[in-house]
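In our numbering, the protein residues as written are 1 to 548.
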């Protein structure tokens with residue numbers, strides 16, 4: 001565990017770390033914009049069938065034309081979205097040219113004719129009322145009626161890309177380095193987002209959204225690793241929480257940007273262009289010295305450490321570091337890191353198996369309940385921009401509380417408490433009558449805040465549990481489990497058609513069970529960052545001896 005001493009020698013919290021962490025957090029601000037972009041670019045505007053093309057109704061007002069051609073939906077008193085009259089119902093017009101349905105007793109024949117009127121699908125397309133957005137992919141490609149399921153497919157494909165990216169980038173960055181994969185991820189985010197903005201069809205849009213999802217996983221995983229591996233143990237909690245706040249602020253930024261940019265193409269472009277900038281300055285980043293040493297690139301590790309010392313104003317201390325000193329101080333870590341590592345190594349020893357299984361349950365249930373609960377929050381009854389602000393704002397106090405808790409009580413108690421509290425809140429919400437919307441909404445917001453706190457905790461906790469040699473593989477695996485949870489969550493809602501309370505019950509029980517499982521994870525508060533699998537095993541032995 002000698003690397004921490006070397007980092008202190010060259011400056012562990014100096015100008016380099018401040019600049020390094022700040023620049024790495026910039027793209028994280030925009031990650032939420034892509035995760036939640038579907039809320040705006042795929043919002044479904046009010047719509048109804050277009051008028052028959054072979055009819056000339058220019059003399060009539062739009063309201064009259066709508067009355068003649070589109071039947072009313074009796075349940076919500078609005079035009080049918082997917083049906084129209086096969087022929088205009090002229091009898092609905094009064095003699096003076098105004099319109100009113102004839103439902104008087106002396107017009108029973110007309111009413112019978114109206115009820116028997118032949119209906120047909122929207123053969124001439126749809127007309128949209130663009131109140132929240134000037135254009136969306138829904139209005140662009142008519143993803144309504146028979147094609148309405150494609151909206152959800154688009155988000156599923158995006159989450160599939162995030163899932164695939166977690167697997168691919170997690171393993172590649174352990175082999176080729178964090179900096180190289182971070183560069184590729186930034187470039188893919190920029191290019192994929194730009195191409196999605198100029199897509200000519202829905203299938204092309206989905207393709208580039210899939211690529212963007214993959215890049216987002218690589219960006220998050222490698223940014224987090226570069227942050228953690230260049231800072232000391234004592235500030236990991238604060239820095240990890242600050243990184244989480246960047247994502248929270250990104251949710252608020254998206255609401256503001258979407259409010260002023262109502263066209264889906266320009267909005268998609270606006271949240272993608274900043275990644276060109278992050279790609280350009282990412283060339284400045286230094287590769288993790290930990291990774292370089294453990295991958296037999298000690299010469300470059302020495303250069304990087306001297307560069308850090310120079311930026312932090314400790315040139316003399318940096319000049320004392322040489323190849324022999326570095327190799328001698330990390331001899332044990334280098335000998336234990338021989339060979340290549342893969343996902344299989346996450347299960348190599350009993351300690352690693354315990355960590356991987358427990359973290360898999362934590363990440364899956366957190367993401368599963370988070371996305372399941374977010375779907376219920378659509379019942380706020382306010383416009384989508386205000387909802388986005390509420391979703392983002394609730395994370396702020398939640399992350400403050402969990403940050404203090406992690407620093408005082410430790411990672412494990414905080415993780416368990418966040419999960420169990422969120423589950424209990426969701427289960428209580430099942431018992432609240434549907435009419436009490438204020439109480440139900442308040443409980444939903446509290447549950448969402450607890451799950452946001454759980455996310456904040458498990459990101460930091462996982463990075464501290466996995467050793468350097470397999471950290472990216474480990475983070476990639478647990479991130480994949482989170483994406484699986486996000487993809488499964490919408491399917492559970494289908495159970496509500498048969499048993500209304502069942503989805504809420506499942507969403508509540510899952511985090512409670514994983515909160516109990518998290519008790520078996522080792523505590524990492526104040527512990528040095530492990531570099532090898534042997535370090536993880538030795539830490540468990542030390543913990544057991546201290547408990548005895």
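Ideal Cβ positions, reconstructed from N, Cα and C, are used throughout, including at glycine.
What you are looking at is a predicted structure, and each value in this text was computed from that prediction instead of being measured.
With DSSP run on the structure shown, which of helix, strand or coil describes residue 99?
Model confidence at residue 99 stands at a pLDDT of 43, short of 50, so the residue's coordinates are unreliable; what they give is reported in the following sentence. Residue state, collapsed to three classes: strand.
Since residue 416 is in the alpha helix (DSSP H), which residue starts that stretch and which ends it?
411-431 is the span of the alpha helix (DSSP H), which, as asked, contains residue 416.
Beta bridge counterpart(s) of residue 135 as assigned by DSSP
Bridge partners of residue 135: 263.
On the three-pair Cβ rule with 8 Å, is the segment 435-450 touching the segment 220-237?
no
Given a cut-off of 7 Å, decide if residue 261 and residue 267 are closer than it, judged by their beta-carbon atoms.
yes
Reducing DSSP to helix, strand and coil, say where residue 345 ends up.
helix
Rounded separation between residue 44 and residue 150 - CA only
12 Å
Apart from the five residues just before and just after residue 535, which ones in its own chain have a Cβ nearer than 6 Å to its Cβ?
The beta carbon of residue 535 lies closer than 6 Å to those of 467 in the same chain, with the five residues before and after it left out.
Cα-Cα separation, residue 465 to residue 126:
Distance between the alpha carbons of residue 465 and residue 126 is about 54 Å.
For the candidate residues 224, 155, 284 and 180, whose alpha-carbon lies nearest to that of residue 203?
155
Buried or exposed, going by whether 16 or more other CB atoms sit within 10 Å of the CB of residue 138?
buried
Along the chain, where does the beta strand (DSSP E) containing residue 48 start, and where does it finish?
47-49
At which residues does the beta strand (DSSP E) containing residue 128 begin and terminate?
126-128
DSSP state of residue 9, grouped into three classes?
helix
Is DSSP giving residue 443 helix, strand or coil here?
helix
If contacts are defined as beta-carbon pairs under 8 Å, then residue 532 and residue 478 qualify, I think. What distance do you get, rounded to the angstrom?
Not a contact, Cβ separation roughly 19 Å.
Based on DSSP bridge pairs, tell me the residues matched to residue 535.
Paired residue(s): none; residue 535 is not in a bridge.
Within its chain, find whatever has a CB closer than 6 Å to the CB of residue 362; leave out the 5 residues flanking it on each side and keep chain order.
458, 514 and 518
Take the Cβ of residue 366 as the centre, count every other Cβ of all protein chains shown within 10 Å, and call the residue buried at 16 or more, exposed below.
buried
If you draw a straight line from the alpha carbon of residue 529 to that of residue 225, how long is it in whole angstroms?
12 Å
Taking the alpha-carbon positions, what's the residue 252 to residue 389 distance?
5 Å
Go through its chain and collect everything with a Cβ distance to residue 106's Cβ below 6 Å, but skip five positions before and after it.
Confidence in residue 106 is poor, its pLDDT being 44 and thus under 50, which makes the residue's placement too unreliable to answer from.
According to DSSP, residues forming a beta bridge with residue 85:
119
Other residues of its chain near residue 403: CB distance less than 6 Å, five sequence neighbours each side excluded
241
Beta-carbon within less than 6 Å of residue 205's beta-carbon, same chain only, minus the 5 sequence neighbours each way: which residues are those?
Cβ within range, chain order: 196 and 199.
DSSP on residue 467, reduced to helix/strand/coil?
Coil, per DSSP.
Going by DSSP in three states, residue 383 sits in which element: helix, strand or coil?
Note: residue 383 maps to coil in three-state DSSP.
In three-state DSSP terms, what is residue 78?
strand
On the DSSP letters alone, give me the boundaries of the alpha helix (DSSP H) that residue 495 sits inside.
From DSSP, residue 495 is part of no alpha helix (DSSP H); its letter is neither H nor E.
Opening and closing residue of the alpha helix (DSSP H) in which residue 299 lies
298-311
Please report the distance separating the alpha-carbon of residue 360 from that of residue 159.
Distance between residue 360 and residue 159, taken at the CA atoms: about 18 Å.
Buried/exposed call for residue 508, threshold 16 Cβ in 10 Å:
buried
Please state the DSSP three-state secondary structure of residue 174.
It is helical.
Note down, in chain order, each residue of its chain lying with its Cβ closer than 7 Å to the Cβ of residue 346, except the 5 sequence neighbours on either side.
Cβ neighbours of residue 346 within its own chain (closer than 7 Å, five residues either side excluded): 352, 356, 470, 473, 474 and 477.
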